[in-house]
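Visitor: One structure coming up, written as structure tokens, with questions to follow.
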Amino acid sequence: MKRAKIVCTVGPASGDRGTLEKLAEAGMNVARINFSHGKPEEHAEVCRRVREISPRIAVMQDLQGPKIRVGEIEGGMELARDSVVILTSGDPAGRCGVVHVDYPKLAEEVRPGNDIFLADGIIHLTVDRIERGDVFCRVVHGGTITSRKGVNLPGVSISAPALTEKDREDLDFGLRLGVDYIALSFVRKPDEVAGLRKMIEAAGSDAKIVVKIEKREAIDDLEGILAATDAVMIARGDLGVEVPTEQVPVIQKEIIRKCLAAGKPVITATQMLESMTTSELPTRAEASDVANAVFDGSDALMLSAETATGKFPVETVSMMARIIETAEEYALGSTGGWFAESGLSMPVSAVDSDTDAVAAGAVKIATEVEAGAIVVLTHSGRTARLIARRRPAVPVIALTDQEHVVSQLALVWG
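Numbering (our numbering), first residue to last: 863 to 1276.
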């Protein structure tokens, strides 16, 4: 039995009842619905199907957030190295070499010398000058830019709100559906998390918040954000554009360590088994990536395109489950417990409440007497999470009288 959980993004390749049932059998614990794509009625149907399959599968609504994108580019545009391209929030019609960007304050907030990345970092531009709302850029690394590709502005503090008007409408819809988790994109500061929580509470919902760490500002204020959120997602795609690629593995480990210390569930996401969108087998590097995310202490691992649009969604989940089980068998294989075998130092040394003291004692006793499991009675799920963060060598079984807690604990290790 695997302890780390699997989050599956549901899309055209996996939204039908039959495939969802197979994903659940293969090891899906959380169904992620990406509100950047699809129609509300499609999302509602997916949520209904998941609820019918099992109450022990959580539903996560992922809000789009202030994602900046280029406009429509018919046939695509080739950007050659050292050429000049103009970005504008105005109308580019009839202007050669001009690309529309859907952020009105682009020319106000970038400065000469700033880097701009397009299409998930594939294309790299440097701002040369700004004239009358046009941003003139030199192409550092070229490529073909096509319609609606993402725009990243590392080092630029944008003023766009964390929740757009679309996000607010989607949030209202998701809360009426009764989703278990709300994923907040492009978080920069704790106040943004607090604002979302007020909306959730005003709607009378028990939904928990997952902050997506994909901005440098979020890394710089991680402690404050951790205090405000319920869970964390390490969104390595946009994060890998915001920070140098070689720093991403180190940042991943540091975020996970701090989440464990704070008792907040943490998801490692993006390109975990990317090659399985078209191949029945992952690369060896991908298998190692999944295993290392488990060794780092991730509560859950997330699949994106692999299950949303890939050719082998069920096979991908089965493969991830097997890798997780093998990694955990190794990490839990010594009397020293998880942190001894994984090579990590225990990030949870002190207790911060009476409940935490009981949790620490339960883990210690269960280890010493070689118990078959730790069974915990919980009303909110907090005690179960406090036990799980210490990564005991035995399964953690939570009993609760709250149906929403059953679903929400599907994200938590154990």
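The beta carbon of each residue, even a glycine, is placed where N, CA and C say it ideally should be.
Between the Cα of L980 and the Cα atoms of G1005, A1189 and L968, which residue gives the shortest distance?
Guide: G1005
Visitor: In angstroms with no decimal places, state the Cα-to-Cα distance between V1231 and P902.
Guide: 51 Å
Visitor: According to the neighbour-count rule (16 or more other Cβ atoms, all chains shown, within 10 Å of its Cβ), is I1285 buried or exposed?
Guide: Not covered by the structure: residue 1285. The range shown for the chain is 863 to 1276.
Visitor: List the whole-angstrom C-beta distance separating E971 from S1021, where the pair is believed to meet the contact cut-off of C-beta under 8 Å.
Guide: Indeed, because the Cβ distance is near 7 Å, the residues count as touching under 8 Å.
Visitor: Contact between the segment 955-967 and the segment 931-943 is defined here as three or more beta-carbon pairs at a separation below 8 Å; is this criterion met?
Guide: yes
Visitor: Rounded to the nearest angstrom, what separates R1038 and L1025 at their Cα positions?
Guide: When rounded, the distance between both Cα atoms is 18 Å.
Visitor: For L1261, which of I1113, T1169, G1036 and A1246 has the nearest alpha-carbon?
Guide: Closest by C-alpha distance to L1261, out of I1113, T1169, G1036 and A1246, is A1246.
Visitor: For A955 versus I992, is the C-beta distance shorter than 7 Å?
Guide: no
Visitor: In chain order, what residues of the same chain have a beta carbon less than 8 Å from the beta carbon of S1269, not counting five sequence neighbours either side?
Guide: P917, R918, I919, A920, V921 and D1042
Visitor: Going by C-alpha to C-alpha distance, which of E1190, S1180, T1139 and A1149 sits closest to S1166?
Guide: T1139
Visitor: Between the Cα of E1177 and those of A888, K864, E883 and G880, spot the shortest distance and give me the residue it belongs to.
Guide: A888
Visitor: Going by DSSP in three states, T950 sits in which element: helix, strand or coil?
Guide: strand
Visitor: Opposite K1074 in the DSSP bridges: which residues?
Guide: M1095
Visitor: In chain order, what residues of the same chain lie with their CB nearer than 7 Å to the CB of L1271, ignoring the 5 residues before and after it?
Guide: Taking L1271 as the centre and dropping the five residues before and after it, the same chain places the C-beta of G1243, A1246 and A1260 closer than 7 Å to its C-beta, in chain order.
Visitor: Is it right to say E1031 is buried, meaning 16 or more other beta carbons lie within 10 angstroms of its own, or is it exposed?
Guide: exposed
Visitor: Distance, Cα to Cα, A942 vs V960?
Guide: 14 Å
Visitor: Figure out for me which residue from K1173, D924, V1152 and I1129 has the closest Cα to the Cα of A1162.
Guide: I1129
Visitor: Let's test the definition: count the other Cβ atoms within 10 Å of the Cβ of G1102 and tell me whether it reaches 16, buried, or not, exposed.
Guide: buried
Visitor: Are three or more beta carbon pairs between the segment 1249-1259 and the segment 870-877 nearer than 8 Å?
Guide: no
Visitor: Any idea what DSSP makes of R879, helix, strand or coil?
Guide: Helix, per DSSP.
Visitor: From what residue to what residue does the alpha helix (DSSP H) around T1245 run?
Guide: R1244 to A1250
Visitor: Along the chain, where does the beta strand (DSSP E) that runs through I915 open and close?
Guide: Looking at the DSSP string, I915 is not in any beta strand (DSSP E); the run it does join, the alpha helix (DSSP H), is P902 to I915.
Visitor: Applying the 10 Å Cβ sphere with the 16-neighbour rule, what's the burial state of H905?
Guide: buried
Visitor: Would you mind reading off the limits of the alpha helix (DSSP H) that contains R1059?
Guide: P1052 to A1064
Visitor: Would you tell me roughly how many angstroms separate the C-alpha atoms of I1279 and I978, rounded to the nearest one?
Guide: Lying before the first or after the last residue shown, residue 1279 is absent from the chain, which here runs from 863 to 1276.
Visitor: Going by the DSSP bridge assignment, what does T871 pair with across the sheet?
Guide: R894
Visitor: With the cut-off set at 7 Å, would you say E1104 and P1016 are in Cβ contact?
Guide: yes
Visitor: DSSP state of T1132, grouped into three classes?
Guide: Coil.
Visitor: In this structure, does DSSP put V1152 in helix, strand or coil?
Guide: helix
Visitor: Quick one: what does DSSP say M863 is sitting in, helix, strand or coil?
Guide: coil
Visitor: Could you say if the segment 1059-1078 and the segment 1092-1102 meet the contact criterion of at least three C-beta pairs nearer than 8 Å?
Guide: yes
Visitor: Based on Cα-Cα distance, which residue from A1080, I1044 and R1050 lies nearest to M1061?
Guide: I1044
Visitor: Which residues share a DSSP beta bridge with Q923?
Guide: I895 and I1044
Visitor: Spatial neighbours of L1239 within its chain, please: C-beta separation below 6 Å, excluding the five flanking residues on both sides.
Guide: L1261
Visitor: Applying the 10 Å Cβ sphere with the 16-neighbour rule, what's the burial state of L1143?
Guide: exposed
Visitor: State yes or no: is the C-beta of I1118 within less than 7 Å of the C-beta of G1086?
Guide: no
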